[in-house]
Structures are given as structure tokens and as C-alpha cells.
Amino acid sequence: MSARPDLTRARRLVVKIGSALVVDPQAGAPRAAWLAGVAEDIAAARARGTEVIVVSSGAIALARRVLGLTRKRLRLEEKQAAAAVGQIRLAQAWAEALSAQGITAAQLLLTLEDTEDRRRYLNARATLGTLLGLGAVPVINENDTIATAEIRFGDNDRLAARVAEMVEADQLILLSDIDGLYTADPRRDPAAAHIPAVAALTPEIEAMGGEPPPGYSSGGMRTKLVAARIATQAGCAMAIALGRPEGRLAEHPLTALTEGARCTWFLPAPEGRSARKRWIAGALAPLGVLVVDAGAARALAAGRSLLPAGVRAVEGSFERGDPVLVRGADGTELARGLSAYASADAARIAGHHSDEIETILGWRGRDEIIHRDDLVLHATADAPPG
């Protein structure tokens, strides 16, 4: 079994927090002291050089009392209305908690389609990357107000895993009401054994997922195991940890983890990063071609991104996020990847330096036409596979 991941060494961390942790069900209000403690943990992580993204549930729970929606089961339109009211309160609670630590909070509302549609996925990823670069902490929730089916993805476990995959986080923490995965439900079976680490999601492990628990939270161990599969296949370690640990660290769950609090770590698949590269290389039908000069070809072989200056011609019709081929001047296929610009815009900036993009297009996008994270090289004598 591999060693337990070290939270203090995380480069990019996603923290998912459920409704039961954020909201005091008796008062129908945010747990201000607990949120303040988590904000302190986030500030400490950032001081270590870790970028942090929060995926927070709680909007519907925060609006139930004020709207008089106190019964257990709500109609879809009531959930949508509650989300519209509660999201303002949730965002305010996080903004206040993070502001006390000198941190700017940013709100993003995502849907399943935002993570599945390639163009919207890239838009969301670019926004998150920019916010992190500007020093903000994105606070993400599902956009429950426009759901067209029962709000079940609102458990946010899968959403958090998709976000971790999207931003290439190296660790995802699911803060929960349980300190990890057990061989059986410990609330029903006193002989249930805690599992400290999971190297692979076998059928036996997946069979340990149960039904969602009662109450405001719509998650459960089953959704957490689904999240674990998404995250680990993307090369991201994931932990299920107690959101309100015992003792002096009750309001500092991330600090408790750094000090060795019990949890279950799901270890990343060794090939997680290359799996996405293989998907780009073999599963996408290119919609266009970028012809590059010798200098750009050498830069690609050295593992760099494709900049506009190295592009000599743009062929085909494609949109931002579509797959394209990269060819040398002699027609040799060098790579394929996902274009950061539509074909018309790529043709306009081809041959120009990145600092000229805004002048040419009237807006500033990415410096690269294809970022190296979205690029797969063909195996040649001069370059290894991407």
C-alpha cells in the first residue's frame, strides 16, 4: 500500500463541504464559527503555497426556513426557488468567512452540462485558473435554480470530482459526517472496520457504498465512491474525512488532517495524467489543421505549448475547444490537441506574438493556441509521446 498523501504538500486542493456541515438545521443559518475555522485552514494552506477551491452545498438548506419549506421532500420548483434564495446567503457566508482572513471569495455556479460540454468545460477551467492566479478562492455550487430534473447531482460529490479533474488538482477532500470508508455501515454494524487507504476501486470496495442518508444532505457513501473513481482516474488523490473532528480541532477539519486525523485516502491511478492525453490522441476526430514552422515544431518536441507566433496556416473550420491536428511545413503530423481559439480567430493571430492578441482580436484570450496540457505529441525519434 502506498504512503498516505501529504496534505501540506498539495499544489492544488479542492475541498467539498456538504449541507449538514455548512448549515445549522435548527436555526436554518450558516455555522459561522465552523466556517471561520475552515477559512483559517484555507489561509494556512495558501500560506504553504497551495491553491484552494471550495465546492460547497447548502443553498437549499439555508432557504428552507425563511421560505417556510420545512417538510422533508420538496417539489422540483420549490427546490429551484429555495436554491435561488439560499445561494445568496451561502455566498455571503463564505465571503465573510474568507474576508476575515484577507481572502477574496469568488462564486461559480456550474451544471452537469458545464462539465460535459467541451467548450463550456474549457471556459470554466479558464475562469478557475484565472481566479486562482489572481489570488481568489473560488466557491462552487451546482446551479440548482435551472435544473430540469430532480436535483440529485446537487450532492456535489461528483461535481467536486469533476472540478478536481478540470483544474488538475492533486488532492480532493470530501468533508463528511464520517471519517472514511468502512467495510460496512458503522452506525449499524459495530464490527465494521475502517479502511485507511484504497489503492484501487475494486467491485468489493464499490459494494461498500450504501444508500444516501436521511436529512438535508443528498449525498452518501455511494456518491463518494463515484467521485473517487472520477478523481483517481484523473491522477488526483481523494480523501473522505470527518468535517467536524473531535476535540480542539472541531472547527479546523483541514488542520486535523494535517495532524493525522483518521480518514480514508483513495490513491491516484499512476496513469491518471496520461489517460487524458491518450483520450485526446485517440478518441477525438480533428476538425482542423494548424501548420507550424520549424521553431514551433522544436518547441513542441521540448514539451512547450503552441504559441500563435509559430503558426503559419490554419485549415478547416473549428470552434474553441475543438480537436485539431498540428502539422509541420512538410505535412508531417506532429501532434493533436484542443484549440483555445476558433479557426477564424486563430487565422487572424497566426504568426503574431501573444502580446498582440488583444490588439488584433479586441479581446485577450490565452497566450497559447494550444496549451501543452491540451496537446499530445506523436511519438518520434526526437520527442517522447505527449
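Under the numbering used here, the first residue of the sequence shown carries the number 15, and numbering increases by one thereafter. Glycine included, every Cβ here is placed at the ideal spot set by N, Cα and C.
If residue 270 sits next to residue 263, beta carbons under 8 Å apart, how far is it from one beta carbon to the other, in whole angstroms? 4 Å
Nearest-angstrom Cα separation, counted from residue 252 out to residue 460: An answer regarding residue 460 cannot be provided, because it is not within the stretch 15 to 400 covered by the chain.
Name the DSSP beta bridge partners of residue 103, please? DSSP lists no beta-bridge partner residue for residue 103.
Every unbroken alpha helix (DSSP H) inside the region 51-91 [4 residues or more]: 73-81
Cβ pair count under 8 Å reaching 3, the region 170-185 against the region 133-148: yes
Which residues does DSSP list as the beta-bridge partners of residue 359? According to DSSP, residue 359 bridges with nothing at all.
Use the C-beta contact count for residue 90: other C-beta atoms within 10 angstroms, 16 or more gives buried, fewer gives exposed. exposed
Closest by C-alpha distance to residue 169, when choosing among 348, 73, 43: Answer by Cα proximity: 73.
Under the three-state DSSP convention, the category residue 373 falls into: Looking at residue 373 - three-state DSSP - the assignment turns out to be helix.
Determine the closest residue to residue 30 out of 70, 85, 249, 344, with distance taken between C-alpha atoms. For residue 30, the closest alpha carbon among the candidates 70, 85, 249, 344 is that of 70.
For residue 216 and chain D, any beta-carbon pair shorter than 7 Å? Checking the listed chains, one finds no chain D in this structure; it contains a single protein chain.
Within 7 Å, strictly: CB atoms of residue 309 and residue 332: no
Where does residue 171 fall in DSSP's three states? helix
How is the alpha helix (DSSP H) around residue 137 delimited, first residue to last? 132-147
Does residue 28 pass the burial test, meaning 16 or more other C-beta atoms within 10 Å, or should it be called exposed? buried
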